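Chemist: From first to last, the protein sequence lines are chains A and B. When we follow this note's numbering, the leftmost residue of the first sequence carries the number 1, and every step to the right adds one. When we follow this note's numbering, the leftmost residue of the second sequence carries the number 1001, and every step to the right adds one. Heads up, the beta-carbon is just placed ideally off N, CA and C, and yes, glycines get one too. Predicted, not measured: the structure shown is a model, and the values here were computed from it. So that we are looking at the same thing, I have put the structure below in structure tokens.
Protein chains: 2
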Amino acid sequence: MSPAAVTSDSTEENEENIAIQHSPSARKLCPHNTNISCASCRLNELCLPIALNKAEVHQLDEIVERNRPYKKGDHLYRQSDEFKSVYAVRSGSFKSYVLSDTGQGRVTGFFLPGEIIGMDGIASKHYANSTQALEHSSICEIPFSQLEKLSHQLPNLQHHFFAIMGNEIAKDQQIHTLLSSYTAEERTASFLLGLSSRYARVSLSPSRFLLPMTRSDIGEYLGLTVETVSRIFTALQRKRLIEVNNREIELLEIDTLREIIGVN
Amino acid sequence: MSPAAVTSDSTEENEENIAIQHSPSARKLCPHNTNISCASCRLNELCLPIALNKAEVHQLDEIVERNRPYKKGDHLYRQSDEFKSVYAVRSGSFKSYVLSDTGQGRVTGFFLPGEIIGMDGIASKHYANSTQALEHSSICEIPFSQLEKLSHQLPNLQHHFFAIMGNEIAKDQQIHTLLSSYTAEERTASFLLGLSSRYARVSLSPSRFLLPMTRSDIGEYLGLTVETVSRIFTALQRKRLIEVNNREIELLEIDTLREIIGVN
DNA sequence: CTAGCAAATTAATCTAAATCAATATTCTGC
DNA sequence: GCAGAATATTGATTTAGATTAATTTGCTAG
């Protein structure tokens, strides 16, 4: 991944675009509506409000900041920025990455609607990675100190946030196993199946979807090179397990893909 | 409840020993004292009690169960057991691992005194891996439902437990980066330096320590084979960066080891 | 529409680490 | 202390995936 892609948006440049694109009048017309309450959000069954009753959701609503949309490449935060909030993806997608000394990026995660970003900063009070929109996306920002305060009032919220963090831990450990012992093909199959079920979770097709990230992003995430990712895609296509068309993916044989990971 | 929770290693070599060693009378004589309160525990500055005041530590004490010691190979819990508690290591060390279909183990983590085990089970209510003592070890068991209840009463505890989980997430993501782009030597150096600072944390020497795990465990954890781990150890020794004597490790050139990871 | 660049594919070669194999060392229980 | 089993080391060979390189496709801005 070229450094240019990462740094293409300076903060300043950002501000102007935002001023233009998201003027009060434009705001209402924007498809990534910023005025949805948690109560009416289509994601409220998977996001933070899950397990909260009406009154509680209302309280949560009060602390959620619905920011203006992010354009492709815009940063949510950067590595070592002071930790202030966690974010829930409302639409679009994001990637987290760290930069090595040599300027090489290493993608540490992808985030789809309903998923929570930024928990890596909780302990150290500084984000451990940078996070960037992969496409035009919208976000709910939840200031963490307020989330903590509210969690203290609402046992359900505390319980649920523990669960969200626990889920992140379990997921990260699965990736540990993936990277420490799976082949390139297994990693790739696992990655596609993972995306598939995450799309299913938000009521999108589990067998046909667009990849919001580049092959390079995928490679960095899976510990492979772009070339290898590309080759594996071609190979899986030749085996008629998937159909690839640039960013468009169709999973033709989900069960066989599952076998690829299960077998070894 | 607790005695049943301890299960002997599947290599049924020690069934009888358990019966003998953990009889009620033997218990009192055990060097890994089970009657230390959190308030008087030498680890209370790094473990859960940190940031709690005296009265609060006392409340925490009430819910902590100090189980009898675990022998090498004893399991704290097994993959897919119902999640009930998190555990704080009081002495000794543990490893977590998952078994692949082929029966191959993959080590997912090592735990030293003052560290918390079991958070991977919080979300799904079932442990995602098995955890086993690497040596004679002792544990504080903290039933999670009670920890949640108490966290709700003590904002400091809630805050701290969020931090502990956040730390786990950040740590897991570092390993993700390690596995996805570091060479065998870099991984090994990073592993040794990690152990070093974890030992320092519990006031043990950061430059001289015993590895509680086998080369094979290290290999599985780092995504390398035993042979490679052994070779790297030998190579680092030849470079006079470390001194290895079976399980005994001395870090001779910590800064140079750091450079190994920093450079690429 | 097209120039210019980013992203993706494909092929040829190389290499770090795996695998295979043999030996040495260290633990464990009798 | 000794036998047998783990554990660890070392060497020879193989290989999966990296690297290098060239080409193609797609995308964006003028």
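Answer yes or no: does any C-beta atom of chain A fall closer than 7 Å to that of ALA1189/B?
Modeler: The sequence position of residue 1189/B within the second sequence is 189, counting from 1. Chain A contact via Cβ: absent.
Chemist: Looking at ILE117/A: is its Cβ nearer than 7 Å to the Cβ of TYR87/A?
Modeler: Start at 1 with the first residue of the first sequence, and residue 117/A comes out as number 117. Start at 1 with the first residue of the first sequence, and residue 87/A comes out as number 87. Taking 7 Å as the Cβ cut-off, ILE117/A and TYR87/A qualify as a contacting pair.
Chemist: Below 7 Å between beta carbons: does that hold for SER1180/B and GLY223/A?
Modeler: Residue mapping note: residue 1180/B aligns to position 180 of the second sequence, counting from 1. Residue mapping note: residue 223/A aligns to position 223 of the first sequence, counting from 1. Cβ atoms of SER1180/B and GLY223/A: closer than 7 Å.
Chemist: Is DSSP giving GLY1109/B helix, strand or coil here?
Modeler: For the purposes of this step, residue 1109/B is taken as residue 109 along the second sequence, with counting starting at 1. Three-state result, GLY1109/B: strand.
Chemist: Please state if the CB of ILE1142/B and the CB of SER1085/B are separated by a distance shorter than 7 Å.
Modeler: Along the second sequence, read from residue 1 onward, the residue named residue 1085/B stands at position 85. Along the second sequence, read from residue 1 onward, the residue named residue 1142/B stands at position 142. In contact: SER1085/B and ILE1142/B (Cβ atoms closer than 7 Å).
Chemist: For the beta strand (DSSP E) that contains VAL1089/B, what are its first and last residues?
Modeler: As a first step, residue 1089/B is located in the second sequence; it is residue number 89 there, counting from the start. 1085 to 1091 is the extent of the beta strand (DSSP E) around VAL1089/B.
Chemist: Give the residues from the segment 1167 to 1188 of chain B that approach chain A closer than 7 Å (Cβ to any Cβ), ordered along the chain.
Modeler: Listed by position along the chain: ASN1167, GLU1168, ILE1169, ALA1170, ASP1172, GLN1173, ILE1175, HIS1176, THR1177, LEU1179, SER1180, SER1181.
Chemist: Decide if the segment 1087 to 1104 of chain B is in contact with the segment 1051 to 1061 of chain B; the criterion is three or more beta carbon pairs, one per stretch, under 8 Å apart.
Modeler: No, the segment 1087 to 1104 of chain B does not touch the segment 1051 to 1061 of chain B.
Chemist: Determine whether the beta carbon atoms of ASN1167/B and ALA123/A lie at a separation below 7 Å.
Modeler: As a working note, residue 1167/B is residue 167 in the second sequence. As a working note, residue 123/A is residue 123 in the first sequence. Cβ atoms of ASN1167/B and ALA123/A: closer than 7 Å.
Chemist: With a cut-off of 8 Å, do at least 3 Cβ pairs link the segment 1175 to 1192 of chain B to the segment 1229 to 1240 of chain B?
Modeler: Contact holds: three or more Cβ-Cβ distances are below 8 Å.
Chemist: Since I believe LEU192/A is in contact with LEU251/A (beta carbons under 8 Å), could you give me their beta-carbon distance rounded to a whole number of angstroms?
Modeler: Within the first sequence, the letter at position 251 stands for residue 251/A. Within the first sequence, the letter at position 192 stands for residue 192/A. LEU251/A to LEU192/A, Cβ: 6 Å. Contact.
Chemist: Please state the DSSP three-state secondary structure of CYS1047/B.
Modeler: Your numbering for residue 1047/B matches position 47 in the second sequence. CYS1047/B: coil per DSSP, three-state reduction.
Chemist: Might you give, ordered along the chain, the residues of its own chain that have their beta carbon closer than 7 Å to the beta carbon of ASN129/A, omitting 5 neighbours on each side?
Modeler: In the first sequence, residue 129/A corresponds to position 129, counting from 1. The answer, listed in chain order, is GLN79, SER96, TYR97, VAL98, THR108, ASP120.
Chemist: So, at 6 Å on beta carbons, what are the nonlocal neighbours of GLU248/A in its own chain, with the 5 sequence-adjacent residues on each side left out?
Modeler: Taking the first sequence and counting its residues from 1, one reaches residue 248/A at position 248. Hits under 6 Å: LEU210.
Chemist: Could you tell me which chain B residues have their CB closer than 7 Å to the CB of VAL89/A, listed as they occur along the chain?
Modeler: The sequence position of residue 89/A within the first sequence is 89, counting from 1. None at all; the shortest Cβ gap to chain B is about 17 Å.
Chemist: Looking at chain B, is there any beta carbon in it that lies within less than 7 Å of the beta carbon of ALA55/A?
Modeler: If you number the first sequence from 1, residue 55/A lands on position 55. Taking Cβ atoms only, chain B never reaches closer than 7 Å to ALA55/A, which makes this a no.
Chemist: List the residues of chain A that PRO1155/B touches, going by C-beta distances under 7 Å, in chain order.
Modeler: What you label residue 1155/B is simply residue 155 of the second sequence in a count that begins at 1. Neighbours of PRO1155/B on chain A, chain order: HIS152.
Chemist: Look at SER1091/B and PRO1113/B and say whether their C-beta atoms are less than 7 Å apart.
Modeler: For the purposes of this step, residue 1091/B is identified with residue 91 of the second sequence, where counting begins at 1. For the purposes of this step, residue 1113/B is identified with residue 113 of the second sequence, where counting begins at 1. Yes; because the gap between Cβ atoms is below 7 Å, this pair is in contact.
Chemist: Answer yes or no: does any C-beta atom of chain A fall closer than 7 Å to that of GLY1223/B?
Modeler: Within the second sequence, the letter at position 223 stands for residue 1223/B. Closer than 7 Å to some Cβ of chain A, the Cβ of GLY1223/B qualifies, so yes.
Chemist: Looking only at its own chain, which residues have a Cβ that is under 6 Å from the Cβ of ALA1200/B, when we skip the five neighbours before and after it?
Modeler: Residue numbering aside, residue 1200/B sits at position 200 when the second sequence is read from its first letter. Correct list, in chain order: PRO1206.
Chemist: Who pairs with ALA133/A in a beta bridge, going by DSSP?
Modeler: What you label residue 133/A is simply residue 133 of the first sequence in a count that begins at 1. Answer by DSSP bridge pairing, in chain order: PHE94/A.
Chemist: For GLU1220/B, is the classification buried or exposed, using 16 other Cβ atoms within 10 angstroms of its Cβ as the cut-off for buried?
Modeler: Sequence index remark: in the second sequence, residue 1220/B carries index 220 (1-based). Per the 10 Å Cβ criterion, buried.
Chemist: Below 8 Å on the Cβ atoms is my contact criterion, and I expect HIS1176/B with ASP172/A to pass it. Report the Cβ-Cβ distance as a whole number of Å.
Modeler: Taking the second sequence and counting its residues from 1, one reaches residue 1176/B at position 176. Taking the first sequence and counting its residues from 1, one reaches residue 172/A at position 172. The pair is a contact, with the Cβ atoms about 7 Å apart (cut-off 8 Å).
Chemist: Could you tell me the distance, in whole angstroms, from the CA atom of THR1228/B to the CA atom of ARG66/A?
Modeler: Here residue 1228/B is taken as the residue at index 228 of the second sequence, counted from 1. Here residue 66/A is taken as the residue at index 66 of the first sequence, counted from 1. Going by the C-alpha atoms only, they are around 50 Å apart.
Chemist: So which residues on chain B does ARG106/A lean against when the C-beta distance must stay under 7 Å?
Modeler: As a working mapping, residue 106/A is identified with position 106 in the first sequence. What ARG106/A touches in chain B: THR1177, SER1180, SER1181.
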